[in-house]
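Residue 207 in this note's numbering sits at position 207 of the sequence shown, and the numbers go up by one each step.
For reference, the structure is listed below as C-alpha cells.
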Amino acid sequence: MKYRNFGKLDWKPSALGFGCMRLPCSDTAPMSQNIDEAQALKMIQLGIDSGINYLDTAYPYHNGASELVVGKALQGGYRQKVKLATKSPVWLIQKPEDFDTFLNEQLKKLQTDHIDFYLLHALGEERWGWVQKFKMLERAEAAIKDGRIGHLGFSFHDKPEAFTKIVDAYDGWTFCQIQYNYMDTDYQAGTKGLKYAAAKGLAVIVMEPLRGGALANPPKAVRAILDSSAQKRTPAEWALRWVWNQPEVSLLLSGMSALPQVEENLRVAGDAEITSLKPEDIAIIAAAKKKFEERTAIPCTRCGYCMPCPNGVDIPFNFELYNAAEVYDDVNPARFRYLRFMEERARASACVACRVCEEKCPQKIPISEWMPKAAALLGEKKV
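Dropping the structure here:
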C-alpha cells in the first residue's frame with residue numbers, strides 16, 4: 001500500500017480508502033438495507049489488514065445500514081487501525097440541536113466515541129445556506145472541542161463557483177471530498193477545484209473515481225482503445241491510476257461491492273505512484289475519453305441560457321442525465337438520479353413544448369423534441 005499526504009495534517013492516508021456506499025447486498029434494490037453482512041465484514045477487514053487506513057460511510061448509505069455494518073467491522077481491534085469518516089445529513093437538520101442528535105446517533109451506530117473525519121454531506125449553494133442558518137459550524141466546533149469529532153470537512157455536489165465560495169468561507173476546514181475521474185475534469189469542482197483546495201492546504205479526497213462503475217465497464221469501442229496499450233490493465237485500473245497520478249489527490253475512495261474488486265484495487269494501490277503515468281499512458285486515456293464523448297447525443301453545454309423554464313423543468317440536468325445514459329451505455333444510474341433526486345415538475349415529462357427555451361439556446365437544440373425522448377428513457381421504471 002502506498003501512503004500520501006493529507007493536506008496540512010501530520011498523518012499519511014492510504015492511497016486507497018474504503019467507501020461503504022456500495023457494500024454487497026442480498027438484493028438489487030438501490031441503496032438496499034439488506035447488506036450481506038458476513039461478506040461486507042470480510043471485505044472491510046481484508047482491506048484494513050492490507051493497509052487501508054481510511055473508511056468512509058454516511059448517515060443515509062444503504063438507508064442507514066452502512067454505519068451499523070461499519071461499526072461491527074471495526075470491532076476486535078480494527079477501530080484502532082483506521083481513521084473513520086462519516087457525514088452529517090445536512091438536509092435533515094431543521095434546528096441547530098439536530099446536528100448533535102444525528103452525530104450522537106452515528107457514534108452509537110458506529111460503536112465509537114469519536115469520528116476522526118466528519119463531513120457536512122453533499123454541500124452546494126443551497127445547502128451552504130442551511131449550514132449557516134442552523135449554525136452547523138458552531139455545533140461542529142463544539143463537538144471538536146469535546147472530542148466527538150477530530151476534523152471537519154465537506155463533500156460537494158454543485159457548480160464550481162459554489163465550491164470555491166465554500167472553501168473560502170470557513171478557515172476550519174481540514175479536507176474536502178469531490179467527484180473526480182478522467183471524464184469529470186470539468187464537472188462540479190473539477191480540476192480547478194482540486195487544485196484550488198489543495199493550494200489552500202486542504203486535503204482532497206476523491207469519490208467516484210470509476211464514475212459509479214461506468215469506467216470499469218465501458219462500451220466496446222472504449223475498451224478497445226484501452227486494450228490497445230502495451231500495458232495490460234483493466235478499465236478500472238486505468239481509471240484508478242489516472243486519479244492517483246494527480247499530486248493534489250490525498251486519497252481516492254472506492255465503493256467496493258465484491259471481494260475480487262477489493263483484491264484488484266489493493267493490487268493497483270500497491271504500486272500507483274504520483275505522476276507515474278507515462279505520456280503514452282495519458283494519451284491512451286485521452287483517446288478513451290474522446291471516444292466516450294463522441295457518444296454524447298445532445299450537444300448541451302450546460303450554459304443555462306435556456307433557464308429558467310416557465311414550467312419549472314430543469315433542462316440542463318435532464319440533458320445531462322440523458323447524455324450520461326447514452327455515453328456510458330447504462331441507463332440505470334441516470335434513471336435513479338432522475339426519479340430519486342428530481343422533483344416531478346423539474347423532470348422532462350413536465351415539458352409542455354412551449355419552445356420559449358429554444359429561442360434562447362445558443363446551440364439551437366430542438367429542446368421540445370428531446371424532452372419526450374428523455375422522459376421515455378429515464379422515467380420508465382419506479383425507484
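Backbone N, C-alpha and C fix where the C-beta goes; we use that ideal spot for every residue, glycine too.
C-alpha of residue 58 to C-alpha of residue 73: approximately 15 Å in a straight line.
Only exposed fits residue 186, as fewer than 16 other CB atoms lie within 10 angstroms of its CB. When rounded, the separation of the alpha-carbon atoms in residue 39 and residue 258 is 8 Å.
The segment 70-88 makes contact with the segment 41-60; the number of CB pairs closer than 8 Å reaches 3 or more. In terms of Cβ geometry, residue 282 and residue 225 do not form a close pair [threshold 9 Å].
Residue environment analysis places residue 129 among the exposed positions, since fewer than 16 neighbouring C-beta atoms fall within 10 angstroms of its C-beta. Rounded to the nearest angstrom, the gap between the Cα atoms of residue 78 and residue 203 is 24 Å. Looking at the DSSP output, residue 19 shares a beta bridge with 56. In the structure shown, residue 322 falls within a helical segment according to DSSP collapsed to helix, strand and coil. Judged by their CB atoms, residue 242 and residue 322 are not nearer to each other than the 9 Å cut-off. With contacts defined by Cβ atoms closer than 9 Å, residue 109 and residue 64 form a contacting pair.
In this structure, the CA atom of residue 9 is about 8 Å from the CA atom of residue 174.
With at least 16 other beta carbons inside 10 angstroms of its own, residue 148 counts as buried.
Taking a cut-off of 8 Å for Cβ pairs, the segment 357-369 and the segment 333-341 do not touch, as fewer than three such pairs fall below it. If you check the CB distance, residue 62 and residue 44 do not come in under 9 Å. Ranked by Cα distance from residue 170, the first of 379, 141, 206, 188 is 141. The three-state secondary structure of residue 227, taken from DSSP, is helix. If you ignore the 5 residues before and after residue 262, its C-beta comes within less than 7 Å of the C-beta of 43, 46, 47, 256, all in its own chain and listed in chain order. Checking the DSSP bridge columns, you'll see residue 206 partnered with 178, 252. The residue from 178, 190, 146 with its alpha-carbon nearest to that of residue 123 is 178.
In this structure, DSSP gives residue 303 a state outside helix and strand, which the three-state scheme calls coil. Straight across, the Cα-Cα distance linking residue 303 with residue 362 is about 9 Å. Contact between residue 248 and residue 198 holds: CB atoms are separated by about 4 Å, below the 8 Å threshold. Excluding residues up to 5 positions away in sequence, 295, 297 lie with their Cβ nearer than 6 Å to the Cβ of residue 326 in the same chain.
Taking 9 Å as the cut-off, the beta carbon of residue 163 is found closer than this to the beta carbon of residue 188. Within the same chain, 345, 350, 351, 352, 354 come within 8 Å of residue 311 by CB-CB distance, once the 5 residues on both sides are set aside. Annotation: residue 276 to residue 317 spans about 36 Å, alpha carbon to alpha carbon. When the Cα atoms are used, residue 267 and residue 88 turn out to be separated by approximately 32 Å.
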